[in-house]
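*Asks:*
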Amino acid sequence: MDVIRQVLGDEKLNFIGISYGTWLGIWYASLFPDRVGNMLLIGQTDVTAPLNEALLLQEMGMQRVLEKKLVPYAASHPRFFHLGATESEVMSAISAIAGKLKHATIKALDQHISFSMNAHLALFTLRSALVIDSFLAQNPVADPDRLHQFLDDFHWDVPPEYQELLAGIARELTQKYFDLVNAKPESVNLVGSDAVWWAVQGMDANTLHDADSWALQSTLQAECYPQFGGFYATNPVLFWDESLFRLPPH
Amino acid sequence: MNHCSDFPPIERIPSDASILIVQAEYDPYTPLESAVKTFAALPQASMIAIKEEYQHLILLPYGNDDLDGSVAEFFLEQKKPPSLSVVEGNPLPLVP
């Protein structure tokens with residue numbers, strides 16, 4: 001960041017940081033206090049605690065978006081979203097999604113859960129999951145082709161301009177579901193953005209390298225946040241023999 | 251020592267540093283609780299919280315005059331907003 005400032009020929013760094021960028025911004029301000037210009041930080045990470053603690057809070061944050069924003073939104077438009085006419089009906093419908101379909105659905109929701117302008121896409125994803133769930137209940141050994149055919153023929157009961165959008169979301173979710181059902185155990189593939197993600201999780205102020213602690217934390221999170229909790233149990237850092245470095249003593 | 255393995259030494263940030271935090275109330279990825287902890291640790295920072303909003307990547311201009319005006323003045327006129335202010339978030343999209 002300071003190299004960029006020098007290349008630009010600016011005396012001070014004016015900076016806009018978003019999400020993890022806020023962590024970087026605070027680091028810059030701490031390391032180069034004489035060169036801090038105006039710093040706008042959007043979606044502030046917690047710089048007072050290890051990053052893994054902040055990341056665990058995300059499961060609470062996603063569950064809260066579901067319960068405080070998306071469920072009421074769905075209940076206030078029952079004839080458009082078809083998820084229920086009251087918040088408890090909507091929550092009850094969503095809670096019925098289980099197993100690998102739930103896993104695939106939550107992964108698909110991750111694309112929309114932080115974009116309020118796409119709230120309808122998040123709810124279309126949940127509607128798709130319920131339709132797929134009802135098909136799987138009647139066709140437990142279904143293959144992808146039959147499910148795709150079912151979805152192509154399904155009457156979604158939405159205005160025509162939304163029909164193809166919903167069908168597309170359902171097809172995409174079907175693919176994710178069968179990918180998960182057919183997944184074989186494989187090594188963690190540390191390339192591209194995944195490498196950055198796991199490097200940040202595994203090495204950037206991660207203080208929790210004990211598998212039992214992670215398992216306990218994940219169990220608690222799954223209890224408290226039924227739709228979104230527990231996913232950090234898949235963190236490959238759990239299966240590394242030891243931390244790649246240790247925090248200095250405080 | 252690898253600095254990235256520790257928390258930033260925020261006590262080194264100048265007391266008059268110009269820092270503005272913009273935070274959605276229901277941001278799922280960087281929840282308000284986390285942002286408030288950082289804000290509390292940085293007395294030189296201002297924070298604008300967006301009520302009822304859950305968008306993580308707040309794009310500017312946002313559409314709220316108070317927020318957009320404050321950010322514009324922050325960069326163009328070096329004017330810091332009050333320590334803490336709250337603005338109304340945009341409603342969720344209308345559906346047919």
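So the sequences go chain by chain: B and E.
Per the numbering used here, residue 1 is the first one in the first sequence, and the count goes up by one each step.
Per the numbering used here, residue 251 is the first one in the second sequence, and the count goes up by one each step.
We treat Cβ as the ideally placed atom computed from N, Cα and C, and that holds for glycine.
Values in this document were obtained by computation on a predicted structure and should not be read as measured data.
From which residue to which residue does the beta strand (DSSP E) around residue 131/B run?
*Replies:* As a first step, residue 131/B must be located in the first sequence, where it is residue number 131. First-last for residue 131/B: 119-138, but that is the alpha helix (DSSP H), not the beta strand (DSSP E).
*Asks:* Under 8 Å, with one C-beta from each stretch per pair, do the segment 184-198 of chain B and the segment 120-134 of chain B reach the 3-pair mark?
*Replies:* no
*Asks:* Is the segment 273-283 of chain E in contact with the segment 40-53 of chain B, if contact means three or more CB pairs nearer than 8 Å?
*Replies:* Segments in contact, yes.
*Asks:* Would residue 84/B and residue 90/B be called neighbours here (beta carbons separated by less than 9 Å)?
*Replies:* As a first step, residue 84/B must be located in the first sequence, where it is residue number 84. As a first step, residue 90/B must be located in the first sequence, where it is residue number 90. Yes; because the gap between Cβ atoms is below 9 Å, this pair is in contact.
*Asks:* Would the beta-carbon of residue 144/B fall within 9 Å of that of residue 115/B?
*Replies:* Stepping through the first sequence from its first residue, residue 144/B is reached at position 144. Stepping through the first sequence from its first residue, residue 115/B is reached at position 115. No, these two residues do not count as a Cβ contact at 9 Å.
*Asks:* Just confirm the distance between the C-beta atoms of residue 151/B and residue 104/B, as a whole number of angstroms; I'd bet it's less than 8 Å.
*Replies:* If you number the first sequence from 1, residue 151/B lands on position 151. If you number the first sequence from 1, residue 104/B lands on position 104. Not quite, the Cβ-Cβ distance comes to about 14 Å (not below 8 Å), so this is no contact.
*Asks:* Going by Cα to Cα distance, which pick from 295/E, 320/E and 289/E is closest to residue 337/E?
*Replies:* Taking the first residue of the second sequence as 1, we reach residue 337/E at position 87. That would be 320/E, whose Cα lies nearest to the Cα of residue 337/E.
*Asks:* For residue 318/E, decide whether its Cβ has a neighbour in chain B, counting only Cβ atoms nearer than 9 Å.
*Replies:* For the purposes of this step, residue 318/E is taken as the residue at position 68 of the second sequence. No - not a single Cβ of chain B is within 9 Å of the one on residue 318/E.
*Asks:* Keeping to the same chain, check which residues put their C-beta closer than 8 Å to that of residue 65/B; ignore five residues upstream and five downstream.
*Replies:* Position 65 of the first sequence, counted from the first residue, corresponds to residue 65/B. Here the set comprises 113 and 114.
*Asks:* Where does residue 267/E sit, in a helix, a strand or coil, going by DSSP?
*Replies:* Against the second sequence, residue 267/E aligns to sequence position 17. Of the three classes helix, strand and coil, the one that applies to residue 267/E here is coil, per DSSP.
*Asks:* Taking the alpha carbon of residue 329/E as the reference point, which residue from 273/E, 339/E, 272/E and 296/E has its own alpha carbon closest?
*Replies:* Indexing the second sequence from 1 puts residue 329/E at position 79. Checked all of 273/E, 339/E, 272/E and 296/E; the closest Cα to residue 329/E is 296/E.
*Asks:* What did DSSP end up calling residue 141/B once you bin it into helix, strand or coil?
*Replies:* Working through the first sequence from its first residue, we reach residue 141/B at position 141. In the three-state reduction of the DSSP assignment, residue 141/B falls in the coil class, being assigned neither a helical nor a strand state.
*Asks:* Given a limit of 8 Å on CB to CB distance, which residues of the segment 266-278 of chain E reach chain B?
*Replies:* 267, 268, 269, 270, 271, 272, 273, 274, 276, 277 and 278
*Asks:* Within 10 Å of its beta-carbon, does residue 303/E have 16 or more other beta-carbons around it, so buried, or fewer, so exposed?
*Replies:* In the second sequence, counting from the first residue as 1, residue 303/E sits at position 53. Answer is buried; the Cβ neighbour count reaches 16.
*Asks:* Taking buried to mean at least 16 other C-beta atoms within 10 Å of its own C-beta, is residue 181/B buried or exposed?
*Replies:* Sequence index remark: in the first sequence, residue 181/B carries index 181 (1-based). Exposed is the call here.
*Asks:* Give the residues of chain B in contact with residue 334/E, contact being defined as C-beta atoms less than 7 Å apart.
*Replies:* Within the second sequence, numbered from 1, the residue matching residue 334/E stands at position 84. Residues of chain B passing the Cβ test: none, with the nearest at roughly 13 Å.
*Asks:* Hey, does residue 281/E have any beta-carbon neighbour from chain B nearer than 9 Å?
*Replies:* Start at 1 with the first residue of the second sequence, and residue 281/E comes out as number 31. With 9 Å as the cut-off, residue 281/E counts as an interface residue toward chain B.
*Asks:* Please classify residue 230/B as buried or exposed, where buried requires at least 16 other C-beta atoms within 10 Å of its C-beta.
*Replies:* Position 230 of the first sequence, counting from 1, holds the residue named residue 230/B. Residue 230/B comes out buried.
*Asks:* Buried or exposed: residue 62/B, going by 16 or more other Cβ atoms within 10 Å of its Cβ?
*Replies:* Here residue 62/B refers to the residue found at position 62 of the first sequence. It is buried - the Cβ of residue 62/B has at least 16 other Cβ atoms within 10 Å.
*Asks:* Could you check what DSSP says for residue 255/E in three-state terms: helix, strand or coil?
*Replies:* Here residue 255/E is taken as the residue at index 5 of the second sequence, counted from 1. The pLDDT assigned to residue 255/E is 48, lower than 50, so where the model puts this residue is not dependable, and the model offers no usable value.
*Asks:* Spell out the partners DSSP gives residue 40/B in its beta bridges.
*Replies:* By one-based count along the first sequence, residue 40/B stands at place 40. Beta-bridge pairing links residue 40/B to 16/B and 270/E.
*Asks:* Is it true that the CB of residue 284/E sits closer than 9 Å to the CB of residue 70/B?
*Replies:* To locate residue 70/B, count along the first sequence from 1; it is residue 70. To locate residue 284/E, count along the second sequence from 1; it is residue 34. The answer is no: Cβ separation not under 9 Å.
*Asks:* From the DSSP output, which residues share a beta bridge with residue 108/B?
*Replies:* Translated into the one-based positions of the first sequence, residue 108/B becomes position 108. According to DSSP, residue 108/B bridges with nothing at all.
*Asks:* Given that residue 285/E touches chain B, what residues does it touch there, using C-beta distances under 7 Å?
*Replies:* Position 35 of the second sequence holds residue 285/E. The contacting residues are 44.
*Asks:* Nearest to residue 28/B by alpha carbon, out of 318/E, 267/E and 316/E?
*Replies:* Here residue 28/B corresponds to residue number 28 of the first sequence, with the count starting at 1. Closest by alpha carbon: 267/E.
*Asks:* I need the straight-line Cα distance from residue 264/E to residue 33/B, nearest angstrom please.
*Replies:* Reading the second sequence from its first residue, position 14 is the one you call residue 264/E. Reading the first sequence from its first residue, position 33 is the one you call residue 33/B. In a straight line, the C-alpha of residue 264/E is about 6 Å away from that of residue 33/B.
*Asks:* Where does residue 95/B sit, in a helix, a strand or coil, going by DSSP?
*Replies:* Looking up residue 95/B in the first sequence gives position 95. Reduced to three states, the DSSP call for residue 95/B is helix.
*Asks:* Against chain B, does residue 264/E count as a neighbour if the rule is that its beta carbon must be under 9 Å from one of theirs?
*Replies:* For this step, residue 264/E is matched to residue 14 along the second sequence. It does; some Cβ of chain B falls within 9 Å.
*Asks:* Please name the residues in the segment 291-321 of chain E whose beta-carbon is closer than 7 Å to at least one beta-carbon of chain B, in chain order.
*Replies:* For the segment 291-321 of chain E, which is checked against every Cβ of chain B, the residues closer than 7 Å are 291, 303, 304, 305, 306, 307, 308 and 321.
*Asks:* Using a Cβ-Cβ cut-off of 6 Å (strictly less than) and excluding sequence neighbours within five positions of residue 35/B, which residues of its own chain qualify?
*Replies:* On the first sequence, residue 35/B is found 35 positions in, with the first residue counted as 1. Excluding residues within five positions, the ones whose Cβ falls inside 6 Å are 12 and 13.
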